[in-house]
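Residue numbers (our numbering), protein chains in the order written: chain A, 1 to 113; chain P, 1 to 107. We put the CB at the ideal spot given by N, CA and C, even for glycine. None of these values were measured; they are calculated from a predicted model.
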Amino acid sequence: DTEVTQTPKHLVMGMTNKKSLKCEQHMGHRAMYWYKQKAKKPPELMFVYSYEKLSINESVPSRFSPECPNSSLLNLHLHALQPEDSALYLCASSEGTSFYEQYFGPGTRLTVT
Amino acid sequence: AQRVTQPEKLLSVFKGAPVELKCNYSYSGSPELFWYVQYSRQRLQLLLRHISRESIKGFTADLNKGETSFHLKKPFAQEEDSAMYYCANWVNSKLTFGKGITLSVRP
């Protein structure tokens, strides 16, 4: 399996809801990433996990809470989001946190109402 | 800040025409540079990385340290090359993308 999968594909949530995004890879990669991508803009890094430990947090608001339960799974827990958080959320993985190729998932399209 | 710059937002060419997508970087050391591509309704994927010096789908990119550039080139564009192209660099354990350029290849 050489793909990164993400669920759900689409998510609509209210500002008081709690939801989670899920990302999975079975390539044995030890680094996993969350990016946020607004329309017509490049992906912006949010979090990096290396060997299941959070190594980089790009000053992301606490309403976004990442979790790496094991080496294959990465979650992003969402709570009390704002409409401006509506975006495509991309997960990626790579062999390590050096300049390896990053493999991207298809993304979750999040709409906050 | 160490970044990559893609000065153009859109390039539109006819099929068979040469293509050059520009990327400039600001980094005093040895940069780690990449080109990623996003076709319509497909996921972002790696196209080229400068250390591999290979040609993928007819595209090449040469690192020019004198001009601090890493332009993506293809001698004869195909319609299936239409996509969004991002130049990216690896600095401080992070992949940072340029703003991207849309390539449109007309029949």
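- In the DSSP assignment, Cys-87 (chain P) falls within the unbroken beta strand (DSSP E) covering 83 to 91.
- Residue range 31 to 37 is occupied by the beta strand (DSSP E) that includes Tyr-33 (chain A).
- Where Lys-9 (chain P) is concerned, there is no enclosing beta strand (DSSP E), because DSSP gives it neither an H nor an E.
- Distance check between Lys-73 (chain P) and each of P:Arg-41, P:Asn-89, P:Lys-65 and P:Leu-103 places P:Leu-103 closest, using alpha-carbon atoms only.
- The contact set of Gly-105 (chain A) on chain P, defined by CB atoms closer than 7 Å, consists of Arg-43 in chain order.
- With respect to the 8 Å criterion, Ser-69 (chain P) and Cys-23 (chain P) are classified as neighbours on the basis of their beta carbons.
- The residue among P:Phe-14, P:Leu-21, P:Ser-12 and P:Ser-30 with its C-alpha nearest the C-alpha of Phe-99 (chain A) is P:Ser-30.
- Pairing Lys-15 (chain P) with Lys-57 (chain P), the inter-Cα distance amounts to about 15 Å.
- In the three-state scheme derived from DSSP, where H, G and I count as helix and E and B as strand, Glu-44 (chain A) is classed as strand.
- When secondary structure is reduced to three states using DSSP, Glu-24 (chain A) falls in the strand class.
- In the structure shown, Glu-79 (chain P) adopts helical secondary structure according to DSSP, grouped into three states.
- Taken through DSSP and simplified to helix, strand or coil, Glu-67 (chain A) comes out as strand.
- Looking at the DSSP output, Thr-5 (chain A) shares a beta bridge with A:Glu-24.
- By the neighbour-count definition (other C-beta atoms within 10 Å, threshold 16), Val-12 (chain A) is an exposed residue.
- Take Lys-22 (chain A), set aside five residues on each side of it, and the residues of its chain with a beta-carbon closer than 6 Å to its own are Thr-7 and Asn-75, in chain order.
- If you draw a straight line from the Cα of Gly-105 (chain A) to the Cα of Ser-28 (chain P), it comes to about 32 Å.
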